[in-house]
Structure formats: C-alpha cells, structure tokens
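26 is the number that full-length UniProt numbering gives to position 26 of the sequence shown; each next residue is one higher, with no gaps.
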Amino acid sequence: MDDNDMPLRITITLSAYEGRKLICPSKIHGKPKATYAAQIIGSRIEANFEEINRQMADIAKREGITVAELEARWLAEENFELD
1 MDDNDMPLRI TITLSAYEGR KLICPSKIHG KPKATYAAQI IGSRIEANFE EINRQMADIA
61 KREGITVAEL EARWLAEENF ELD
C-alpha cells in the first residue's frame with residue numbers, strides 16, 4: 001500500500017437511532033461497526049461519483065478554475081496530502 005492508498009481516518013457522529021440501525025447489519029456481516037460504516041460511506045461515494053464530479057465541475061466553472069485546481073484547494077484545506 002503506497003501513501004496514496006493509506007486509509008483516511010475521520011470521526012463521525014450518528015444519532016442513537018442510526019447507531020442502533022448500524023449495529024444489526026454489522027453483526028449480520030460479522031464486521032465491527034466502524035468497518036461496516038466505512039463500507040457504507042465508501043459505497044455511497046462510489047454510487048454518487050458522477051454526480052460529485054458534475055457538481056465539482058459546476059463549482060470550478062463558476063470560480064473560473066479547473067476541477068483539478070478546485071480539488072487541490074479543497075484537499076489542501078483539509079491537510080490531505082496527495083504525495
């Protein structure tokens with residue numbers, strides 16, 4: 001695994017209801033809650049990939065920059081290093 005493939009660790013907060021609803025499928029699949037939540041988030045990002053790219057293109061166009069410049073700025077704002 002190179003640096004670009006290193007996992008990103010974030011903290012999320014769920015409501016008590018969402019937490020309860022996360023426990024059952026994570027137990028069904030034999031996975032820790034955090035692992036199962038990460039799979040859910042990852043799959044939703046993948047499912048919305050085209051929409052995310054379209055929205056980024058719209059924002060970049062409105063700001064008069066490229067999508068790559070927009071992404072680089074956002075990643076820098078989050079201290080996320082590409083290299």
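Beta carbons are placed, not taken as given, at the ideal position from N, Cα and C, and that holds for glycine.
None of the values given here were measured: they were computed from a predicted structure.
For this session: Tell me whether K27 counts as near the ligand NAP, meaning its Cβ is closer than 7 Å to at least one heavy atom of that ligand.
Result: No copy of the ligand NAP appears in this structure; indeed no ligand is present at all.
For this session: Just confirm the distance between the C-beta atoms of L70 and I59, as a whole number of angstroms; I'd bet it's less than 8 Å.
Result: About 6 Å separates the beta carbons of L70 and I59, which is inside the 8 Å limit, making them a contact pair.
Exercise. Taking all protein chains shown into account, do 16 or more other C-beta atoms lie within 10 angstroms of the C-beta of Y17, making it buried, or fewer, making it exposed?
Worked result: exposed
For this session: Check K21 in the structure and name its three-state DSSP category.
Result: helix
Exercise. Where in the stretch 14 to 59 do unbroken runs of the beta strand (DSSP E), each at least 3 residues long, occur, reported from the N-terminal end onward?
Worked result: Whole beta strand (DSSP E) segments, 3+ residues: zero.
Exercise. Hey, how far is the Cα of G19 from the Cα of F49?
Worked result: Whole-angstrom Cα-Cα distance: 26 Å.
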